[in-house]
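J.: I'd like to ask some things about the structure below.
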């Protein structure tokens, strides 16, 4: 269990951790998906600590610091996926092969930059509102829900690349246990945020459903970039809904 958690932590963050012993096998890699929400919870704890250390600083400054820590800790891993998806979705012009080809292109086009900037602005505005309201619980829940969406996309969509880490994770994910982790995570959100969590969870679920329909229609499954994009969009959705409700 520790090795699987450390593998997930090593992959999803830039924290200086190492997996002891030999490299994780395929089964361990697949089971590491079960610990993605826990990694999100750890990121949330780091955000809470950052907000606490910022003390009574101006809300905008606190929001900027939170966003910087968020991006640095994750290494912008999922922002890269969002950027590639934005480029591919527009540049692909509805064609599956063209969309997948653009996703593999390492260069960033104008839509990639635009998509990342807009998402960061949305997060920043929501964080400023939440820090003003002292809504610390959302800092804990939003990263958790983002990583929960990563596990959910492996659970409910087919992975379309034939090789790579993504195909291994999809093949060896324990599906029954993943469903239990989904339910336990939703319950945790309810405990932390109360009834407000219901609207946040419903909004994120609706986003996931619409996203799933769109990418299934366009490319027939998901890629690593598509997974990164849903993580970022879920985080943003949870922050915005919380900022409106709390």
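Residue numbers (the working numbering): 61 to 306.
Ideal Cβ placement from N, Cα and C applies to all residues, glycine included.
These numbers come from a predicted model, not from an experiment.
1. What does a CB cutoff of less than 6 Å around residue 173 pick up in its chain, not counting 5 residues either side in sequence?
2. Count Cβ pairs between the region 96-105 and the region 61-74 that sit closer than 8 Å; are there 3 or more?
3. Hey, residue 182 and residue 262: beta-carbon distance below 9 Å or not?
4. Shortest alpha-carbon distance to residue 90 belongs to which of 236, 277, 169?
5. What first and last residue would you give for the alpha helix (DSSP H) that runs through residue 96?
6. Could you pull out every residue in the same chain whose Cβ sits closer than 6 Å to the Cβ of residue 290, ignoring the five residues on either side in sequence?
7. Would a C-beta distance cut-off of 9 Å place residue 288 and residue 144 closer than the cut-off?
8. Which word fits residue 64, buried or exposed, when buried means at least 16 other C-beta atoms lie within 10 angstroms of its C-beta?
9. Identify the residues that DSSP records as bridge partners of residue 219: which are they?
10. Please confirm whether residue 256 and residue 306 have their CB atoms less than 9 Å apart.
11. To the nearest whole angstrom, what separates the beta carbons of residue 68 and residue 87, a pair I think is in contact under 8 Å?
12. Rounded to a whole number of angstroms, what is the C-alpha to C-alpha distance between residue 198 and residue 125?
13. Just tell me which of 205, 201, 133, 296 has its CA closest to the CA of residue 77.
14. Just the C-alpha distance for residue 242 and residue 130, rounded to the nearest angstrom, thanks.
15. Assuming residue 260 contacts residue 296 (C-beta within less than 8 Å), just tell me the rounded distance between them.
16. Counting C-beta neighbours from all protein chains within 10 Å, is the total for residue 122 16 or more, i.e. buried, or is it exposed?
17. Using DSSP with H/G/I as helix, E/B as strand and the rest coil, what is residue 147?
18. For the alpha helix (DSSP H) that residue 80 lies in, which residues bound it at each end?
19. Alpha carbon to alpha carbon, how far is residue 150 from residue 284? Give it in angstroms, no decimals.
20. State the start and end residues of the unbroken alpha helix (DSSP H) segment that holds residue 234.
21. As a quick exercise: from 204, 85, 232, 275, pick the residue whose alpha carbon is nearest that of residue 160.
22. Does any heavy atom of the ligand SAH sit closer than 8 Å to the C-beta of residue 186?
23. For residue 118 and residue 191, what's the separation of their Cα atoms in angstroms?
T.: From the atom records:
1. none
2. yes
3. no
4. 236
5. 96-114
6. 209, 213, 271
7. yes
8. buried
9. 282
10. yes
11. About 14 Å; that fails the 8 Å criterion.
12. 16 Å
13. 133
14. 23 Å
15. Contact doesn't hold; Cβ gap of about 12 Å is too wide.
16. buried
17. helix
18. No alpha helix (DSSP H) holds residue 80; DSSP gives it neither H nor E.
19. 18 Å
20. Segment: none, residue 234 is in no alpha helix (DSSP H) and carries neither H nor E.
21. 275
22. With respect to the ligand SAH, the structure offers nothing, as it holds no ligand at all.
23. 9 Å
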